[in-house]
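Heads up: the sequence shown begins at 2 in this note's numbering, then just goes up one per residue. Beta carbons: idealized from backbone N, C-alpha and C, even for Gly. Written below as C-alpha cells is the structure these notes are about.
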Amino acid sequence: MRGFEPAAGLLADAVRRAGEGRGFAVARLLTHWPEVVGRDIAMLCRPVRMTHARNAGPAGASVAPGATLVLLTTGPNAPRLEMMLPQIRERVNACYGWNAVSRVTLTQTAPAGFAEGQAVFARPTAPEPPTPGPEALDRARAAAEGIDDPTLAAAVARFATLYLSHRDTIRKARQS
C-alpha cells in the first residue's frame with residue numbers, strides 16, 4: 002500500500018508522455034506556461050510543438066543546434082509576439098536550464114485545429130453589475146447625505162449602491 006499521493010503525481014507520467022509526443026522533454030513548459038514566460042505573454046500564445054533537427058545539414062553547412070519551439074497565437078497578436086521572440090526564447094531556455102531552444106516560430110493554426118486554439122485566448126467578459134433595488138438606492142443616498150463635498154458624496158453613494166446591490170445578489174443566490 003502506497004498511502005496518499007498528490008494528484009499531480011498521479012498525472013505526471015500521462016502529461017510527460019503527451020508532451021513528449023509533441024517534442025516536449027520537460028512537461029513543466031506545458032503545465033506552467035504562464036510562470037515560464039509571464040502572464041502577459043501567456044495570454045497571447047501557447048506552445049504546441051517542439052521540433053528537433055534530424056541531421057546537421059549538408060557538409061560544411063552550419064545549422065544552429067537546438068530545437069524549434071512552435072507557438073500558437075491569433076492573427077492580431079502575431080506582430081506583438083514577433084518582437085518578443087528573443088525574450089520568449091531566453092525564458093524557455095531558463096526553464097530547461099540550458100540552450101535547448103534555438104528558434105521560436107509562430108503559427109496561427111494548431112495541429113489539433115484552429116478552433117481549439119482560438120478558444121484558449123478568449124478573455125472572459127466581466128459580468129454586468131447587478132441593478133440596485135430601490136431599498137439599496139435609498140440606503141446609499143442616506144449614507145452620502147451628511148457629506149458637504151459633492152464629488153465625495155457622489156463617490157460614497159456610488160460605492161454604497163454597488164456594495165449593497167452586490168450583497169443583495171449574494172443573499173439571493175444563497176437562498177436559492
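Does DSSP classify residue i as helix, strand or coil?
i	result
alanine 54	coil
leucine 82	helix
proline 77	helix
threonine 162	helix
proline 131	coil
alanine 101	coil
threonine 110	coil
proline 87	helix
proline 48	strand
threonine 170	helix
threonine 69	strand
Would you decide whether residue i is buried or exposed? Buried here means 16 or more other CB atoms lie within 10 Å of its CB.
i	result
methionine 1	This structure leaves residue 1 out entirely; the chain is present only between 2 and 177.
arginine 168	exposed
leucine 30	buried
isoleucine 42	buried
Residue i and residue j: beta carbons closer than 9 angstroms?
i	j	result
valine 37	alanine 95	yes
cysteine 46	leucine 138	no
threonine 69	leucine 82	no
leucine 163	proline 133	yes
Alpha carbon to alpha carbon, how far is residue j from residue i? Give it in angstroms, no decimals.
i	j	result
arginine 104	arginine 90	7 angstroms
glycine 67	threonine 126	40 angstroms
proline 35	glutamate 129	28 angstroms
arginine 175	valine 71	46 angstroms
glutamine 119	arginine 92	With a pLDDT of 45 at glutamine 119, under the threshold of 50, the predicted position of this residue should be treated as unreliable, though the coordinate-derived value follows. Each residue's Cα considered, the two are about 24 angstroms apart.
serine 198	threonine 32	Within the shown structure, residues of the chain are numbered from 2 to 177, placing residue 198 beyond reach of any answer.
arginine 142	glutamine 109	52 angstroms
glycine 147	arginine 172	28 angstroms
proline 77	methionine 84	13 angstroms
aspartate 149	alanine 158	13 angstroms
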